[in-house]
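Read through the structure below, which is laid out as structure tokens, and then see the notes.
Residue numbers (the numbering used here), protein chains in the order written: chain A, 1 to 147; chain B, 1001 to 1147; chain C, 2001 to 2079; chain D, 3001 to 3079.
Structural data, given as structure tokens:
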């Protein structure tokens, strides 16, 4: 199930929901708040989420991953609001009988979550400035703006 | 660091060792004991490990992953002895600035651990039989023997 | 016809408002956004924006109807 | 020359022993394993086996020296 939360993510709960005796492989992705981006020193991040659409689209992505990659169990949670360094911004857990599916499915989910959900990230910098991270800017800089 | 242990793996400890404010991405792989393999109902697994060589080769694989994929922090632990269903047989954690490296590096590590370490797996079946899992048998069956 | 417009994230900061009711002749989401750009030139900086109508993702040729709620999204950046 | 042989996992079960000292004329790991197969025909079932000498992975042309410890590994299956 896909969720948005303004509270710290309970990592152990995510994993234990997915435990399945039919699964031999589990892949978990976490997006951590990193202390730098494009040469700027980042102090914290702020996520704005338009929840009605984000939740629906997030669930759609999980359903696609189950269908396309044969995942047995899957979940994803994205934070909203203010986050500090090393906080978990997003978690994706994927369990499947074999590991190829778990890796590919987990990767698909995080790639899609990052590009399709109405979520915006504002970086607060050490120099006192704050800026919305803008994928146009990344495109102009000629590189992918990965987590 | 690579470790072999006969005790249950402390998952939270693995992750917290890898937390790094310079990393935006964390990928964790877990191999779980699955209740079936090639049509047989599996009750438990037994791992035999030749530790002197396994530890040295495991550490070499982690070093390769750091060099080849630019991982910032990495660890892996493999169990020895008797394991029950849903026990964690192996865990790999990989942290890096961006997610592409973390996925690729984590995948590399588990693929290499499975094929290069002197570790043998015996499956105990519901019918009372037990058999060493044998990659020759997989090759003959015409499919990869993935976790 | 009467449309409710909502602005998110960088768009809210560029316009200075989170939402506004408008009375417009614009027939499509594209035409409506063009009107917004006339009022708030800062919106011009965002070419790859997304639009939703009544909480469904839409495209820029989407035909507007009286009473629609139109959501203008700047480029997303989840994760 | 005197060699200590160790058998692991399926090899230990096929031979019924974990280790044995041998006095051999075999010059290579391959020749030594051939001798083992003569004594324990069940080993013949494992074609893709690995070998280590004195705790270092070795190949099947590795030249043996008096006092070596030779480890015969059946195909591995970690994870």
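Note that CB positions come from ideal geometry on N, CA and C, so glycine has one too.
Keep in mind that this is a model prediction, so the values were computed, not measured.
Taking only beta-carbon positions, decide if residue 1037 (chain B) is within less than 8 Å of chain D.
Stepping through the second chain from its first residue, residue 1037 (chain B) is reached at position 37. No, its Cβ sits nowhere closer than 8 Å to a Cβ of chain D.
Exposure of residue 68 (chain A), with buried meaning 16 or more beta-carbon neighbours within 10 Å
Translated into the one-based positions of the first chain, residue 68 (chain A) becomes position 68. Exposed is the call here.
CA-CA distance, residue 3002 (chain D) and residue 3034 (chain D)?
The residue labelled residue 3002 (chain D) in the question sits at position 2 within the fourth chain. The residue labelled residue 3034 (chain D) in the question sits at position 34 within the fourth chain. Their backbone Cα atoms lie some 16 Å apart in a straight line.
For a cutoff of 8 Å on Cβ pairs, would you count residue 62 (chain A) as touching chain C?
In the first chain, the residue the question calls residue 62 (chain A) occupies position 62. Chain C contact via Cβ: absent.
Give the residues from the stretch 1003-1032 of chain B that approach chain A closer than 9 Å (Cβ to any Cβ), ordered along the chain.
1011, 1012, 1015, 1019, 1020, 1021, 1022, 1023, 1024, 1025, 1026, 1027, 1028, 1029, 1030, 1031 and 1032
Out of B:1012, B:1087, B:1073 and B:1061, point me to the one whose CA is closest to residue 21 (chain A)'s CA.
In the first chain, residue 21 (chain A) corresponds to position 21, counting from 1. Of the candidates B:1012, B:1087, B:1073 and B:1061, the one whose C-alpha sits nearest the C-alpha of residue 21 (chain A) is B:1087.
Against residue 1075 (chain B), what residues of chain A qualify as contacts under a CB-to-CB distance less than 8 Å, listed in chain order?
Indexing the second chain from 1 puts residue 1075 (chain B) at position 75. By Cβ distance, chain A contributes nothing, its closest Cβ being about 14 Å from residue 1075 (chain B), past 8 Å.
Going by alpha carbons, who is nearest to residue 3021 (chain D) out of D:3030, D:3009 and D:3036?
The residue given as residue 3021 (chain D) occupies position 21 in the fourth chain. When each option's Cα is compared against that of residue 3021 (chain D), the closest is D:3036.
Let me see if you follow: with CB-CB separation under 8 Å, is residue 1050 (chain B) close to chain D or not?
Working through the second chain from its first residue, we reach residue 1050 (chain B) at position 50. It does: the Cβ of residue 1050 (chain B) has a partner Cβ on chain D nearer than 8 Å.
Using the three-state DSSP reduction, which class does residue 2010 (chain C) fall into: helix, strand or coil?
Within the third chain, numbered from 1, the residue matching residue 2010 (chain C) stands at position 10. It is helical.
Distance, Cα to Cα, residue 43 (chain A) vs residue 26 (chain A)?
As a working note, residue 43 (chain A) is residue 43 in the first chain. As a working note, residue 26 (chain A) is residue 26 in the first chain. So the alpha carbons of these two residues sit roughly 32 Å apart.
Which two residues bound the contiguous alpha helix (DSSP H) that contains residue 1044 (chain B)?
For the purposes of this step, residue 1044 (chain B) is taken as the residue at position 44 of the second chain. Run containing residue 1044 (chain B): none in the alpha helix (DSSP H); it sits in the beta strand (DSSP E), 1040-1049.
Do residue 74 (chain A) and residue 29 (chain A) come within 8 Å of each other at the CB atom, strictly closer than that value?
By one-based count along the first chain, residue 29 (chain A) stands at place 29. By one-based count along the first chain, residue 74 (chain A) stands at place 74. No. Outside cutoff.
Residue 2029 (chain C) (DSSP reduced to helix, strand or coil):
Taking the third chain and counting its residues from 1, one reaches residue 2029 (chain C) at position 29. Residue 2029 (chain C): helix per DSSP, three-state reduction.
Anything in chain C within Cβ reach of residue 117 (chain A), meaning under 8 Å, just list it in chain order.
Position 117 of the first chain, counted from the first residue, corresponds to residue 117 (chain A). Near residue 117 (chain A) (Cβ distances below 8 Å), the residues of chain C are 2076 and 2078.
At a cut-off of 7 Å, would you count residue 2015 (chain C) as near the ligand ZN, judging by its Cβ distance to the nearest heavy atom?
Of the ligands one can find in the structure shown there are none, so the ligand ZN has no counterpart to examine.
Once the 5 residues before and after residue 3046 (chain D) are set aside, which same chain residues still bring their CB inside 6 Å of it?
By one-based count along the fourth chain, residue 3046 (chain D) stands at place 46. Here the set comprises 3074.
Between the Cα of residue 1078 (chain B) and those of B:1105, B:1096, B:1117 and B:1098, spot the shortest distance and give me the residue it belongs to.
As a working note, residue 1078 (chain B) is residue 78 in the second chain. It is B:1117.
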